[in-house]
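A.B. asks: Everything in the sequence shown is counted per my numbering, starting at 323 for the first residue and increasing by one. Built from N, CA and C at the ideal position, the CB exists for glycine as well. Provided herewith is a single structure, encoded as structure tokens, for subsequent inquiry.
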Amino acid sequence: MLTIIAAAAENNALGKDNDLVWHLPDDFKRFKKLTTGHHIIMGRKTFESFPQPLPNRTHVVITRQQDYDNENCIVVHNLKDALAFASKDEQPFIIGGGEIYKQSLSYADKIELTRVHGEFEADTYFPELDMNDWELVHEEFHEKDEKHNYAFSYLTYERKK
């Protein structure tokens with residue numbers, strides 16, 4: 323089962339200047355809990371935005387740069403190769419960025435979306451979901467609090483059969 327995992331604002335903003343535009347500690351904890359022990363597929367810029375590779379996960383990085391090399395990840399040059407490599411894992415995750423999300427939508431079985439309640443200026447956006455293809459199966463709202471500057475909701479979508 324291929325799962326897309328993302329945090330996107332109400333205007334589908336994902337990030338700006340290769341960084342998130344909000345800080346939600348509980349969302350980071352959820353991301354870690356869901357993705358630990360699995361393959362995480364991402365674009366090169368997403369990988370390079372991490373201060374270091376995420377522990378206990380296999381990083382599969384998609385790049386057009388033919389000579390790109392990094393000992394901390396598996397380098398591939400297209401989504402199909404990334405999916406083939408990650409097929410050994412029964413629960414790989416697509417973790418971004420915007421272009422990789424868009425390319426992977428037609429392959430995904432599930433979407434774990436943290437919807438950040440607000441609109442943000444961004445240079446990277448999550449693709450618009452066609453609700454004819456997706457069914458919301460779980461929703462969990464979280465209020466803004468002392469650790470979270472924005473209210474947010476965990477939304478789980480599954481592909482309609």
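Specify whether the region 371–383 and the region 325–335 touch according to this definition: at least 3 beta carbon pairs, one from each stretch, less than 8 Å apart.
C.D. replies: Touching, no, given that fewer than three Cβ pairs across the two stretches are closer than 8 Å.
A.B. asks: Should residue 416 and residue 430 be called a contact, given that it needs their Cβ atoms to be closer than 9 Å?
C.D. replies: Counting from 1 along the sequence shown, the entry for residue 416 is found at position 94. Counting from 1 along the sequence shown, the entry for residue 430 is found at position 108. Taking 9 Å as the Cβ cut-off, residue 416 and residue 430 qualify as a contacting pair.
A.B. asks: If you draw a straight line from the alpha carbon of residue 365 to that of residue 352, how long is it in whole angstroms?
C.D. replies: Within the sequence shown, numbered from 1, the residue matching residue 365 stands at position 43. Within the sequence shown, numbered from 1, the residue matching residue 352 stands at position 30. Computed Cα separation, rounded: 21 Å.
A.B. asks: Using a Cβ-Cβ cutoff of less than 8 Å, which residues in the same chain neighbour residue 400 once the five nearest sequence positions on both sides are dropped?
C.D. replies: Translated into the one-based positions of the sequence shown, residue 400 becomes position 78. Counting only Cβ-Cβ distances below 8 Å, and skipping sequence neighbours, we find 384.
A.B. asks: Pairs of beta-carbons, one from the region 424–439 and one from the region 469–476, closer than 8 Å: are there three or more?
C.D. replies: Yes: at least three Cβ pairs fall under 8 Å.
A.B. asks: Evaluate residue 463 with the Cβ neighbour count: other Cβ atoms within 10 Å of its Cβ, from every protein chain shown; 16 or more gives buried, anything less gives exposed.
C.D. replies: To locate residue 463, count along the sequence shown from 1; it is residue 141. With fewer than 16 other Cβ atoms within 10 Å, it is exposed.
A.B. asks: Please identify the residue among 368, 395, 423 and 389 whose C-alpha is closest to the C-alpha of residue 382.
C.D. replies: To locate residue 382, count along the sequence shown from 1; it is residue 60. Comparing Cα positions, the closest option is 395.
A.B. asks: State the start and end residues of the unbroken beta strand (DSSP E) segment that holds residue 426.
C.D. replies: The sequence position of residue 426 within the sequence shown is 104, counting from 1. Premise fails: residue 426 lies in the alpha helix (DSSP H), 420–426, not in any beta strand (DSSP E).
A.B. asks: Report the rounded CA-to-CA distance for residue 356 versus residue 362, giving the unit in angstroms.
C.D. replies: For the purposes of this step, residue 356 is taken as residue 34 along the sequence shown, with counting starting at 1. For the purposes of this step, residue 362 is taken as residue 40 along the sequence shown, with counting starting at 1. Cα to Cα, residue 356 sits roughly 11 Å from residue 362.
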